[in-house]
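Visitor: Please read through the structure below; I'll follow up with questions.
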Amino acid sequence: VEYFEGSRKSPYMLFNFDVRPEKREIIPAVTHYDGTARIQTVSREDNRILYEILSRFEQRTGVAVLLNTSFNLRGHPIVRTPRDAFATFISSGIDILIMENVVLDKSNLNTEMFRAFKITGGTD
């Protein structure tokens, strides 16, 4: 509610809401050209893990908004398997990958893993 005008529960990203003018500079990547954003609301009851991620992100940054996008590299199809996800993670600017109960931090990975899974292409 703090970032969007007239927002209400929207767990499936079905609605656009006006981004408050004073918040547009804080969340420019989620703000469409017309000043709106398609939002997904998250409650602890609906999605405990995502709620905790969002809460911790807000604690660290002061911003209670995350952006989702397609998970693929430019010129490559969207990720479909864990192997695709790992290869895309290694080949992109993504720092951390979470799949189910596994958390991978790129800074802790062996360089041999990078060579074995690296694919070409830029991120979208």
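According to this note's numbering, the residues represented by the sequence shown are 1282 to 1405, in order.
Every residue gets a Cβ at the ideal spot worked out from N, C-alpha and C, and that includes glycine.
(1) Nearest to P1309 by CA position, among L1331, V1344, D1386 and Q1321, is which residue?
(2) Per DSSP, A1318 is paired with what?
(3) Tell me the residue span of the alpha helix (DSSP H) that contains D1365.
(4) Are the segment 1350 to 1357 and the segment 1321 to 1337 in contact at 8 Å, needing three or more beta carbon pairs?
(5) Reducing DSSP to helix, strand and coil, say where V1311 ends up.
Guide: With the given structure in hand:
(1) Per the Cα distances, V1344.
(2) According to DSSP, which records beta bridges pairwise, A1318 is partnered with F1298.
(3) Where D1365 is concerned, the enclosing alpha helix (DSSP H) stretches over P1363 to I1371.
(4) The segment 1321 to 1337 and the segment 1350 to 1357 do not touch, with fewer than three beta-carbon pairs separated by less than 8 Å.
(5) V1311: helix per DSSP, three-state reduction.
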